[in-house]
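In our numbering, the protein residues as written are 669 to 901. The C-beta atom is built at its ideal place from N, Cα and C for all residues, glycine as well. These notes are about the structure you will find just below.
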């Protein structure tokens, strides 16, 4: 195989291998952007940057039509900027639950990986891929031991006459479970003589919702209790 052909094929094969390794990790975890997406992003970035280097910053003369300048610096900046649109498509938000940020970061990484491979820094690209795989595999395991702070709504419907006592009792109960009340909203239905109170709270999530709802429902005068995500207004 002529040297110039091998110089073209090796970066492409390396892009498939390294980009595919990141994509495989995402595929195993059931993410929408898997092996094919990551390979194509890495391969595209490699080809574009490789092309800009092959013409030696230079100029492809188009005669009277004009000229096209291939600058690797501009090409790399354009790739990094443009790939953001693809990454944004993988992010899904529902209330305070956001999914797809890691996948979006992986897509951005394989685009950068393609740029590094296209620039000929093969060892650097391999090392970066190895570190990224270690982060994806092991840091996630460490993060599982962290109890996150979450924000929730506790809605209470009541026909009790002494609403102030009910609010005080609820606040004391939430405080006993290390839940912080951020705000309280209230409404009153004059026809049914019913009060509705919404407690906006922050807490360390330990899946305690069923227990909290059951215990608050046992308070005097409580008709209905609902625990929900704190949705954006």
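Distance, residue j Cα to residue i Cα
i: residue 879; j: residue 872; result: 15 Å
i: residue 774; j: residue 836; result: 48 Å
i: residue 695; j: residue 701; result: 7 Å
i: residue 693; j: residue 720; result: 31 Å
i: residue 812; j: residue 845; result: 22 Å
i: residue 779; j: residue 687; result: 9 Å
i: residue 726; j: residue 679; result: With a pLDDT of 47 at residue 726, under the threshold of 50, the predicted position of this residue should be treated as unreliable, and no value is reported.
i: residue 789; j: residue 810; result: 31 Å
i: residue 730; j: residue 795; result: With a pLDDT of 47 at residue 730, under the threshold of 50, the predicted position of this residue should be treated as unreliable, though the coordinate-derived value follows. Distance between the alpha carbons of residue 730 and residue 795 is about 40 Å.
i: residue 805; j: residue 697; result: 11 Å
i: residue 830; j: residue 808; result: 48 Å
i: residue 716; j: residue 767; result: 30 Å
i: residue 849; j: residue 802; result: 39 Å
i: residue 901; j: residue 841; result: Its pLDDT being 38, under 50, residue 901 is placed unreliably by the model, and the measurement read from it follows with that caveat. Between residue 901 and residue 841, the C-alpha separation is close to 27 Å.
C-beta atoms of residue i and residue j nearer than 7 Å
i: residue 777; j: residue 749; result: no
i: residue 682; j: residue 747; result: no
i: residue 825; j: residue 859; result: no
i: residue 839; j: residue 771; result: no
i: residue 797; j: residue 689; result: yes
i: residue 827; j: residue 853; result: no
i: residue 851; j: residue 868; result: yes
Neighbourhood of residue i by C-beta, 8 Å cutoff - its chain only, sequence neighbours within 5 removed
i: residue 704; result: 691
i: residue 793; result: 682, 686, 781, 784 and 785
i: residue 891; result: 825, 826, 827 and 862
Top-ranked residue by Cα proximity to residue i, from the options
i: residue 685; options: 824, 676 and 707; result: 707
i: residue 821; options: 793, 677 and 896; result: 896
i: residue 898; options: 716, 881, 870 and 863; result: 870
i: residue 881; options: 874, 807, 893 and 889; result: 893
i: residue 833; options: 887, 717 and 678; result: 887
i: residue 843; options: 884, 717, 889 and 797; result: 884
i: residue 877; options: 830, 847 and 794; result: 847
i: residue 787; options: 718, 676 and 675; result: 718
Close-in-space but distant-in-sequence residues of the same chain around residue i (CB under 7 Å, 5 per side omitted)
i: residue 874; result: 815
i: residue 889; result: 826, 827, 828 and 834
i: residue 751; result: 709, 775, 776 and 779
Residues near residue i in its chain [Cβ-Cβ closer than 6 Å; skip 5 each side]
i: residue 611; result: With the chain covering only 669 through 901, there is no way to say anything about residue 611.
i: residue 818; result: 873
i: residue 782; result: 683, 710, 713 and 714
i: residue 855; result: 864
For residue i: DSSP bridge partner residues
i: residue 863; result: 826 and 856
i: residue 895; result: 822
i: residue 848; result: 870
i: residue 817; result: 872
i: residue 890; result: 826
7 Å Cβ cutoff, residue i in contact with chain B
i: residue 874; result: Going by chain labels, chain B is absent from the structure shown, which holds only one protein chain.
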